[in-house]
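K.L.:
Here it is: the structure, laid out below.
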Amino acid sequence: MHKGIMLKDKVAVVTGSGRGIGRDIALEMAAQGAKVVVNDIGASVTGEGNDASPGQQVVDEIKAMGGQAALSTDSVSEWNSANHIIQCALDNFGRIDIVVNNAGILRDRMFFAMSPEEWKAVIDVHLNGSFYVSRAAAPHFKSQQSGAYVHMTSTSGLIGNLGQANYGAAKLGIVALSRSIAGDMKRYNVRSNCISPFAWSRMIGSIPTDTPEQQARVAKLQKLGTAQIAPMAAFLASDAAAECTAQIFAVRGNEIFLMSQPRPIRGMHTSEGWTPETIAERVLPSMKPNFFPLETSNIVFSWDPV
């Protein structure tokens, strides 16, 4: 792995960094000079179990390449344990500069069959976890007048996907959280951005492969390495991204996309006020050509990755 200096003397917390995208982000940030808290409870994709060994292996890898790292096995999904994650950075390295909210689980189910437990489990890790860890770091960022948040979103939320109401809602919620953090913390020189990653990892290893189309889609995804997400995370955490906040980037192989955010695209008004009938007669025909189709991520990103 190349050695860089973009994150020299900075301390980063990367949640869910025992495997997959999080692991590669932790390794990249260490290679760029950061001291890294590797946070991972070592659970299965669906959130069951605990195993310190994946996180410890990443810590060992970082130390073997001459970097500094510490292990945290606390869960992001509880307020007190999330605070322990940030405290781990302070105890080991004396400060905190970067938070990467990457930890996640999946409980995929069609909406009409999804249980309240499946809904809550995913919201707790992705959305509540991103808030808890970010909030725990906020007083330190505020007092030192600097800091960077990098959150993981998904096209499941930005665009849509089948069988992922819990995951999609959490991931779009993270976008709103990131934007709110960016606004509230701007005066303290703190930035907050989102990455929507395309990569083959445990998290998407459960995508169905029942049809030839699904099999072809998975074959393309399997070519996308998790390590290709890491450079964008390292950049967003660095001082080189000082002018970048409240943005959403998608990374797919060697492609980087700036994603749109909701803004008005058509408007109509009337001096008399609207009735349901006049809306049906005038507004619907006018706005219907600009309606967004009910698409999924693979339809919007229909071309092969570069």
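Everything in the sequence shown is counted per this note's numbering, starting at 4 for the first residue and increasing by one. From the three backbone atoms N, C-alpha and C, an ideal C-beta is built for every residue, glycine too. Values in this document were obtained by computation on a predicted structure and should not be read as measured data.
Under 7 Å, do Gln35 and Gly52 count as touching if we go by C-beta distance?
P.N.:
no
K.L.:
List, from N- to C-terminal side, the alpha helix (DSSP H) runs of 4 residues or more that fit wholly inside the segment 141-222.
P.N.:
158-161, 168-188
K.L.:
List the residues that DSSP assigns as beta-bridge partners of Ile101.
P.N.:
Ala15, Ala151
K.L.:
Measure the beta-carbon distance from Val193 to Ser149 and round it to whole angstroms, keeping in mind my assumption that it falls under 8 Å.
P.N.:
7 Å
K.L.:
Rounding to the nearest angstrom, what Cα-Cα distance links Lys13 and Ile28 in this structure?
P.N.:
14 Å
K.L.:
Give me the DSSP bridge partner(s) of Arg255.
P.N.:
In the DSSP output, where bridge partners are listed per residue, Arg255 has Phe201, Glu258.
K.L.:
Would you report the Cα separation of Thr49 and Gly163, rounded to the nearest angstrom?
P.N.:
20 Å
K.L.:
Going by alpha carbons, who is nearest to Arg110 out of Ser56, Asp94, Leu93, Ala172?
P.N.:
Ala172
K.L.:
In angstroms with no decimal places, state the Cα-to-Cα distance between Ala151 and Thr299.
P.N.:
So the two alpha carbons sit approximately 31 Å from each other.
K.L.:
For Arg138, which of helix, strand or coil comes out of DSSP?
P.N.:
helix
K.L.:
Are the CB atoms of Asn105 and Met32 nearer to each other than 7 Å?
P.N.:
no
K.L.:
Do the segment 88-100 and the segment 111-127 make contact, defined as three or more Cβ pairs closer than 8 Å?
P.N.:
Three or more Cβ pairs closer than 8 Å define a contact, and the segment 88-100 falls short of that threshold against the segment 111-127.
K.L.:
Quick check on the DSSP output: what are the complete beta strand (DSSP E) runs of length 3 or more inside the segment 50-99, in order along the chain?
P.N.:
72-75
K.L.:
Check Lys6 in the structure and name its three-state DSSP category.
P.N.:
Under the three-state reduction of DSSP, Lys6 is assigned to coil, being neither helix nor strand.
K.L.:
Are the Cβ atoms of Gln245 and Ser199 separated by less than 7 Å?
P.N.:
One detail in the question is off: residue 245 reads as Ala in this sequence, not Gln. The answer is no: Cβ separation not under 7 Å.
K.L.:
The beta strand (DSSP E) spanning Asn42 covers which residue range?
P.N.:
Where Asn42 is concerned, the enclosing beta strand (DSSP E) stretches over 38-42.
K.L.:
Leaving out five residues before and five after Ile44 in sequence, what residues of the same chain have Cβ atoms less than 7 Å from its Cβ?
P.N.:
Asn53, Thr76, Ser78
K.L.:
Give the C-beta separation of Ser305 and Ala249 to the nearest angstrom, bearing in mind that I take them to be a contact with Cβ-Cβ under 8 Å.
P.N.:
Taking a contact as a CB-CB distance under 8 Å, the pair Ser305 and Ala249 does not count as one, their CB atoms being some 28 Å apart.
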